[in-house]
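Chains A and B, in that order, give the protein sequences. At position 78 of the first sequence (counting the first as 1) the number is 61 in this note's numbering, and the numbers step up by one without a gap. At position 8 of the second sequence (counting the first as 1) the number is -9 in this note's numbering, and the numbers step up by one without a gap. Even glycine gets a Cβ: it sits at the ideal position worked out from N, Cα and C.
Protein chains: 2
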Amino acid sequence: MITPEITQTSRPEGPCVPRELLASPLFLLGRLGYAVKLQVMEEFETAGFSAYAYSVLALLEEGARETQATIADALKIDRSQLVGILDELEEQSLVERRRDPNDRRRHLVNLTPTGKRQLNAFRKLAKRVEDEILGPLSEGERAVLRDLLLRVAGSRDARYVPPELRATA
Amino acid sequence: MITPEITQTSRPEGPCVPRELLASPLFLLGRLGYAVKLQVMEEFETAGFSAYAYSVLALLEEGARETQATIADALKIDRSQLVGILDELEEQSLVERRRDPNDRRRHLVNLTPTGKRQLNAFRKLAKRVEDEILGPLSEGERAVLRDLLLRVAGSRDARYVPPELRATA
DNA sequence: TATTGTTATACTCTATAACTATA
DNA sequence: TATAGTTATAGAGTATAACAATA
Chain A
-16 MITPEITQTS RPEGPCVPRE LLASPLFLLG RLGYAVKLQV MEEFETAGFS AYAYSVLALL
44 EEGARETQAT IADALKIDRS QLVGILDELE EQSLVERRRD PNDRRRHLVN LTPTGKRQLN
104 AFRKLAKRVE DEILGPLSEG ERAVLRDLLL RVAGSRDARY VPPELRATA
Chain B
-16 MITPEITQTS RPEGPCVPRE LLASPLFLLG RLGYAVKLQV MEEFETAGFS AYAYSVLALL
44 EEGARETQAT IADALKIDRS QLVGILDELE EQSLVERRRD PNDRRRHLVN LTPTGKRQLN
104 AFRKLAKRVE DEILGPLSEG ERAVLRDLLL RVAGSRDARY VPPELRATA
């Protein structure tokens, strides 16, 4: 059809999310957060890596000799899910798995030199994606956003409380 | 085993997300947003309603006589997905579907009086969940969060730009 | 031929359960 | 018996494709 319907209940501005939902920080957080998660995952997978590769490598750099269970717990992913992630990272020579001689049930996971370099590449990728998505926000506003989100996340899960703020002592 | 492993690489504070990820507003937005989305959906489903019931009802109250396509577009859900949502809402007598006499392909969807009442109940439910999740934030901080998220969302999708801010004129 | 609503299908991410080897 | 890692399975949520009725 060439001429738009006259029956149309005047909505010259295109579809719009209901105003009361736009007024809800919770709705926006859920909606936007989900979309952001998908986009970031896709960016990493397009680059040929698991979506969790950056998280795992960043964790390994902070405290080496992690075991798979501690990695999974720290990143809040299931231990069974981590297996596939590490398989891929090991294939790409970014991490090494070797048995813990003190407890042969455990695998100690280490960053390789290649993994260390790739971690830096991930940081650049993450920065690029952040600039793309958070472009409308200044650096200061991004910091405000981060602090607000961090406080909410921390109240839900202690893993998101930075160590120096633990134990309110 | 009763005594915790001595082998443990000193980590007395429990597992923690890598600091550089905690510093990233994008990571937090994705992680927290996804968790929030799931929790909100569960809250609504526990109450016996589709997770999208509130969104649909809120939209219908603003501009009645919506057609299924315009509803789906406004809420950014797939038209095929909306079918099941409306089926449930209709079973619960919250909305009515009837054919558009001017174009018998279309269904005009309306709020029922019951739906109007339920919408108010949804508002209370949403407020309760918001207080639960955003508890650590003051009202002012929640408004800041909302504005930041709204700007980011609006830059990605025009549906999130409030009508009065459209067309920058 | 194009569009509305519908149904059917497939895909992704995640959660759960069962299995092995070690302790 | 309990734990670490692994594998297999099922579930939720979403996206895609095909279909009937109508324009």
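Check: Under three-state DSSP, which class holds ASP83/B?
Finding: strand
Check: Which value, in whole angstroms, describes the spacing of the CA atoms of ARG87/B and GLN22/A?
Finding: 38 Å
Checklist line | N-terminal and C-terminal residue of the alpha helix (DSSP H) that ARG129/B is part of | finding: 122 to 139
Note to self: Counting C-beta neighbours from all protein chains within 10 Å, is the total for PRO146/A 16 or more, i.e. buried, or is it exposed?
What the structure shows: exposed
Checklist line | 8 Å contact criterion, which GLN75/A and ARG62/A should meet: CB distance rounded | finding: About 21 Å; that fails the 8 Å criterion.
Next item on the list: Please determine if the region 15 to 29 of chain B and the region 5 to 25 of chain A are in contact, where contact requires at least 3 C-beta pairs separated by less than 8 Å.
Entry: yes
Item checked: Neighbouring residues, chain B, relative to ALA116/A (Cβ below 9 Å) -> Rather than Ala, the amino acid found at residue 116/A in this sequence is Ile. Chain B residues near ILE116/A: LEU9, LEU12, VAL135, SER138 and ARG139.
Note to self: Could you tell me the alpha carbon to alpha carbon distance between GLU(-12)/A and ASN93/B, rounded to whole angstroms?
What the structure shows: At GLU(-12)/A, the pLDDT of 37 sits below 50, so the modelled position is not reliable; the number obtained from the coordinates is stated separately. Looking at the two C-alpha atoms, the distance is approximately 20 Å.
Next item on the list: Identify every residue that forms a DSSP beta bridge with THR50/B.
Entry: LEU91/B
Check: Which bits of chain B does GLU113/A rub up against, with CB to CB less than 8 Å?
Finding: SER7, PRO8 and LEU9
Notebook entry, point to check: Are the C-beta atoms of ALA104/A and some chain B residue less than 8 Å apart?
Noted result: no
Margin query: Once the 5 residues before and after ALA57/A are set aside, which same chain residues still bring their CB inside 7 Å of it?
Written below: LEU42 and ARG142
Note to self: Using 8 Å for Cβ pairs, my map puts PRO8/A next to LEU117/B. What's the rounded Cβ distance?
What the structure shows: 6 Å
Margin query: Can you check whether the C-beta of GLU45/A is within less than 8 Å of a C-beta belonging to chain B?
Written below: yes
Margin query: Assuming contact is defined by CB atoms lying nearer than 8 Å, are THR95/A and GLU115/A in contact in what I supplied?
Written below: no
Note to self: On a Cα-Cα basis, can you pick out the residue from LYS59/A, LEU72/A and PRO119/A that is closest to PRO(-2)/B?
What the structure shows: LYS59/A
Item checked: C-alpha distance - LYS110/B paired with PHE32/A, whole-angstrom precision -> 40 Å
Note to self: Check whether the region 23 to 30 of chain A and the region 124 to 135 of chain B are in contact - that is, three or more C-beta pairs closer than 8 Å.
What the structure shows: no
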